[in-house]
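Asker: Chains as they are written, first to last, in our numbering: chain D, 1 to 287; chain S, 1001 to 1287.
Cβ coordinates follow ideal geometry from the N, Cα and C atoms, glycine included.
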């Protein structure tokens, strides 16, 4: 009983704090020109782009998408539990036609910057949390206003592939389809995340097989039927998505509950910690 | 150059230590009566069972499997990024015909017990590592010989579902298909893991949809064509699997390399830490 009162009080505090913010809506509608629609032979996938974090990568990806650059290209490197990677044939004329991009990973935070903290002392970062529904890591600076932050790899993350050089990404991209490869954080440019249809990303034909098994014929690799910005999709086929607003008090409340594991199912309590990649950010389809 | 010499030296030490163990083979062949073959409409999945950790659960699962209990049942609760759960209809005669199982999760370790350590200060446990190719967590005891250990949830983990009571598991099982739900560690009985065909588990029809989407018709739920012990499969259709021996020096060397991230691709080094669920344990098919 004591515990329940305490959590009601802390929830009330959260509501109160968040009520001072600009927008406490539990849901946020995605802008159509900031959303991509990937049509696969077996289903549709919707991606939220992140120009606020990786403006040059989103600009290049959006421009290529508008040109139909990805249409007909294949997922040519798909490793179960790791990534599904797509783009034009490596080293082809089409591949080489695209300018290289400068890495956009870590950014400096100033004293006005804030985020929704999830966990301190995460395995790979001082702190983890969410900003605009994207999973991030945060490192406090020596001074109060000189921290740094970066997007983290979780299942469904969209990032640009690259060569060995930092600034060698161009058009090849990958989705994370397994346990978060957090060791890639801050050395790859993440620029989006899957908000709908992740099961179709999971069903993409794997291209790597185990030893002793027949290789997969490249003609069976999964093809991108079409990649479009949602704003360029004919109206009747547009998918309008709302995602959880991770800056809202409703979301803060959900984090508190998820950490507490108060349900009867938890006959023994797990440690009160949260893996930032194991918190589903809900989406819903709206008219 | 200095760093390279250092890592060569530490590898040599590892080889030397492991050379004193009983079996230093890099691969371990799975016994056919300790392996299950799950035939889905779209592919075959091989499971390694863990009688050394969860003897009663494996015994019951094996007995039910031999009876053809699971054949024709469906994956009735499939949540993308979380679990794919199957078994007979909840509360049905078939469901109720099965005796309840006592929880088998944590076990005490004595002074002769050993494991391959992966990480200290993991988010959910004092230590993580591998034992017999299964991901585990370990907590040292007050005395040297009174620690405890338990299997951890990772993608591909097979565990028995249950009701709210600890000892209420019976026949319904689930595979983990997303970021490791580590908060379920030690309150569920894990009794196996996928060693082959995980991409087919990932392609199982999801039963839960997002708000605003049409519900999935239960007739479209993925059916289990057949669940068999591999020893009961006709010889020409048996799949013989070897898995990495996580107690070998070859595996220890792989952990050292994976932590060091020495490749040219890592122009900036990630933290030298490893997530136990982000280390693929390799399998191969043999004759």
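Using alpha carbons as the reference points, say which of D:183, D:210, D:195 lies closest to residue 242 of chain D.
Answerer: Nearest of D:183, D:210, D:195 to residue 242 of chain D, Cα basis: D:195.
Asker: Whose Cβ in chain D lies nearer than 8 Å to the Cβ of residue 1286 of chain S?
Answerer: Per Cβ cutoff of 8 Å: 212.
Asker: What does residue 227 of chain D pair with, by DSSP beta-bridge criteria?
Answerer: Answer is D:38.
Asker: Give every residue of the same chain whose Cβ lies closer than 6 Å to the Cβ of residue 226 of chain D, excluding the five residues on either side of it in the sequence, and list them in chain order.
Answerer: Here the set comprises 39, 71.
Asker: Rounded to the nearest angstrom, how far is the Cβ of residue 944 of chain S from that of residue 1053 of chain S, given a contact under 8 Å?
Answerer: Lying outside 1001 to 1287, the shown extent of chain S, residue 944 of chain S is not represented and no answer is given.
Asker: Express the C-alpha separation of residue 168 of chain D and residue 198 of chain D in angstroms, rounding to a whole number.
Answerer: Looking at the two C-alpha atoms, the distance is approximately 27 Å.
Asker: Just verifying my parser: in three-state terms, what is the DSSP assignment at residue 198 of chain D?
Answerer: Helix, per DSSP.
Asker: Throw me the rounded Cβ distance for the residue 191 of chain D and residue 87 of chain D pair, which I believe falls under 8 Å.
Answerer: Rounded, the Cβ-Cβ distance is 14 Å, inconsistent with contact.
Asker: Measuring straight from C-alpha to C-alpha, what distance separates residue 1078 of chain S and residue 1208 of chain S?
Answerer: One C-alpha to the other measures close to 6 Å.
Asker: Provide the residue(s) that pair with residue 176 of chain D in DSSP beta bridges, ordered along the chain.
Answerer: DSSP, once it has assigned bridges, lists D:83 as partnering residue 176 of chain D.
Asker: Going along the chain, which residues of the region 272–283 of chain D sit with their C-beta nearer than 7 Å to a C-beta in chain S?
Answerer: Residues 273, 275, 277, 278, 280, 283.
Asker: DSSP three-state label for residue 209 of chain D, please.
Answerer: Looking at residue 209 of chain D - three-state DSSP - the assignment turns out to be coil, as it is neither helix nor strand.
Asker: Report the three-state DSSP secondary structure of residue 221 of chain D (helix, strand or coil).
Answerer: Correct three-state label for residue 221 of chain D: coil.
Asker: In the structure shown, what three-state DSSP assignment does residue 1049 of chain S receive?
Answerer: Strand at residue 1049 of chain S.
Asker: Grouping DSSP H, G and I as helix and E and B as strand, with all else coil, what is residue 13 of chain D?
Answerer: Any reading at residue 13 of chain D is ruled out, since the residue's pLDDT is 47, under 50, leaving its predicted position unreliable.
Asker: Does DSSP classify residue 7 of chain D as helix, strand or coil?
Answerer: With a pLDDT of only 49 at residue 7 of chain D, under 50, the local geometry of the prediction cannot be trusted, and no value is derived from it.
Asker: Do the CB positions of residue 180 of chain D and residue 200 of chain D come within less than 7 Å of each other?
Answerer: No, the Cβ-Cβ distance between residue 180 of chain D and residue 200 of chain D is not below 7 Å.
Asker: Quick check on the burial criterion: 16 or more other C-beta atoms within 10 angstroms. Buried or exposed for residue 1001 of chain S?
Answerer: The predicted position of residue 1001 of chain S is uncertain, since its pLDDT is 37 and thus under 50; a value taken from the coordinates is nonetheless stated next. That one is exposed.
Asker: Using a Cβ-Cβ distance under 7 Å, would residue 254 of chain D count as near chain S?
Answerer: Chain S, which has no Cβ nearer than 7 Å to the Cβ of residue 254 of chain D, makes this no.
Asker: One question on the structure: do residue 24 of chain D and residue 283 of chain D come within less than 7 Å of each other, judged by their Cβ atoms?
Answerer: Going by C-beta atoms, residue 24 of chain D is not nearer than 7 Å to residue 283 of chain D.
Asker: Flag residue 8 of chain D as yes if its beta-carbon sits less than 7 Å from any beta-carbon of chain S, otherwise no.
Answerer: Caution applies to residue 8 of chain D, whose pLDDT of 46 falls short of 50 and renders its modelled position unreliable; the value that the coordinates give is listed next. Cβ-Cβ to chain S under 7 Å: no for residue 8 of chain D.
Asker: Rounded to a whole number of angstroms, what is the C-alpha to C-alpha distance between residue 1047 of chain S and residue 1229 of chain S?
Answerer: When rounded, the distance between both Cα atoms is 9 Å.
Asker: Throw me the rounded Cβ distance for the residue 1182 of chain S and residue 232 of chain D pair, which I believe falls under 8 Å.
Answerer: Residue 1182 of chain S to residue 232 of chain D, Cβ: 41 Å. No contact.
Asker: Strictly by DSSP, which residues pair up with residue 1074 of chain S?
Answerer: Beta-bridge pairing links residue 1074 of chain S to S:1087, S:1223.
Asker: Beta-carbon of residue 1345 of chain S versus every beta-carbon of chain D: anything under 7 Å?
Answerer: Missing from the structure shown is residue 1345 of chain S; chain S here goes from 1001 to 1287 and no further.
Asker: For residue 176 of chain D, tell me which candidate among S:1278, S:1270, S:1099, S:1250 has the shortest Cα-Cα distance.
Answerer: Considering only alpha carbons, the answer is S:1278.
Asker: Which class does residue 1057 of chain S belong to by DSSP, given the choice of helix, strand or coil?
Answerer: Of the three classes helix, strand and coil, the one that applies to residue 1057 of chain S here is helix, per DSSP.
Asker: Run down chain D in chain order and give the residues with a C-beta less than 8 Å from the C-beta of residue 1196 of chain S.
Answerer: Neighbours of residue 1196 of chain S on chain D, chain order: 210.
Asker: Sort out for me which residues DSSP pairs residue 107 of chain D with in a bridge.
Answerer: Answer is D:149, bridged to residue 107 of chain D.
Asker: Could you spell out the range, first to last residue, of the alpha helix (DSSP H) harbouring residue 1250 of chain S?
Answerer: Start and end: 1249–1260.
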